[in-house]
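Peer 1: This is the structure I want to talk about, given as structure tokens.
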Amino acid sequence: MVDQLSFASLDFAAKMKRTKRDVFLAEMAAVVPWAALEAVIEPHYPKLGAQGGRRPFPLIAMLRIHCLQQWYSLSDPGAEEALYDIQSMRAFACLELGRDAISDETTILNFRHLLEHHDLTKAIFATALYGIETEIRGRSANERREARQARSKPIDAMKTWLAEQLAKLPRGSETTRAIGYELNRWEGLSRFLDDGRIEIDTNTVERSIRPIALNRKNALFAGSDEGGANWAIVASLIETCKLNGVNPHAWLADTLTNSSAAGPHPASMS
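If you're matching positions, the sequence shown starts at 1 in the numbering used here and goes up one per residue.
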């Protein structure tokens with residue numbers, strides 16, 4: 001049986017001109033990896049118990065309502081009102097007046113608290129972007145750029161949203177400083193969108209230099225200048241092995257074994 005559309009939906013479908021909001025929500029509906037985001041939240045989302053009770057609202061609807069709140073700075077009561085008043089937002093949330101129950105402000109509040117309690121907001125954001133990166137890993141630079149422009153580029157809207165929030169916050173608050181830090185570095189943070197040669201983050205570089213930073217700190221306890229110099233030689237040999245795909249432990253064991261078998265070095269006999 002085909003679902004019957006409400007008069008509001010029929011009127012919206014007959015519109016000749018699409019607003020910026022209509023276009024934006026259509027883009028978000030198409031590019032966001034909703035199934036992957038649902039998979040992150042689903043283990044923590046309420047289930048209908050064996051004793052029955054109130055059936056939970058569809059997860060996809062609650063997730064999309066939460067996104068609407070973030071994009072349009074809607075309070076919980078404001079989000080409920082918007083779902084009743086704005087057809088494009090209802091359609092984005094997969095809701096139809098007369099067919100579906102509209103989430104009330106308490107339900108919207110509880111969903112937001114669920115995300116906060118399980119620290120899922122960061123996981124959702126990471127899944128959305130890093131899921132795309134996983135799909136395009138190994139492709140050419142041009143293909144990666146095209147995919148990012150088509151699917152990750154909408155994140156640029158976040159810059160405008162952050163600037164709007166900054167204007168509403170006290171100047172000395174921690175949140176103000178955090179947003180200011182991000183906005184001041186936005187060009188670098190978003191550079192991956194326009195250049196398929198670079199990665200979304202610097203994790204690869206940070207992992208490669210971590211041993212160097214640890215060795216630098218450990219070398220503070222070398223005991224003497226000579227001990228520090230010897231430490232630096234050993235550290236250089238180990239990192240050179242790693243860069244060339246050689247097992248440092250096996251190489252050092254073989255080198256020291258062969259050196260001792262060859263007898264004392266001529267320099268030590270003079």
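From the three backbone atoms N, C-alpha and C, an ideal C-beta is built for every residue, glycine too.
Which stretch, first to last residue, makes up the alpha helix (DSSP H) that contains THR240?
Peer 2: 225-243
Peer 1: Any Cβ of chain C within less than 8 Å of the Cβ of TYR84?
Peer 2: Although the question refers to chain C, the structure presented lacks it and comprises just one protein chain.
Peer 1: Taking only three categories from DSSP, how would you classify GLY188?
Peer 2: helix
Peer 1: When you compare only the Cα positions, how much space is there between LEU115 and ALA157?
Peer 2: 22 Å
Peer 1: With DSSP as the reference, label LYS20 as helix, strand or coil.
Peer 2: helix
Peer 1: Determine the closest residue to ARG272 out of THR176, GLN69, ASN110 and HIS117, with distance taken between C-alpha atoms.
Peer 2: Nothing in the structure corresponds to residue 272, since the chain is present only between 1 and 270.
Peer 1: Note down the Cα distance separating VAL246 from SER260, rounded to an integer number of angstroms.
Peer 2: 21 Å
Peer 1: Taking a contact to mean a Cβ-Cβ separation below 8 Å, would you say ALA141 touches GLY196 in this structure?
Peer 2: Yes, the pair counts as a contact, with Cβ atoms nearer than the cut-off.
Peer 1: Measuring CA to CA, which of ALA26, ARG148 and ALA147 is closest to SER88?
Peer 2: Nearest to SER88 by C-alpha distance, out of ALA26, ARG148 and ALA147, is ALA26.
Peer 1: Let me make sure I understand the geometry here. Which of SER173, PHE192, PHE92 and ALA39 has the alpha-carbon closest to that of GLU146?
Peer 2: Nearest to GLU146 by C-alpha distance, out of SER173, PHE192, PHE92 and ALA39, is PHE192.
Peer 1: Would you tell me roughly how many angstroms separate the C-alpha atoms of VAL23 and ALA29, rounded to the nearest one?
Peer 2: 10 Å
Peer 1: If LEU95 and ILE102 are in contact, beta carbons under 8 Å, what's the gap, nearest whole angstrom?
Peer 2: Right, their Cβ atoms sit about 6 Å apart.
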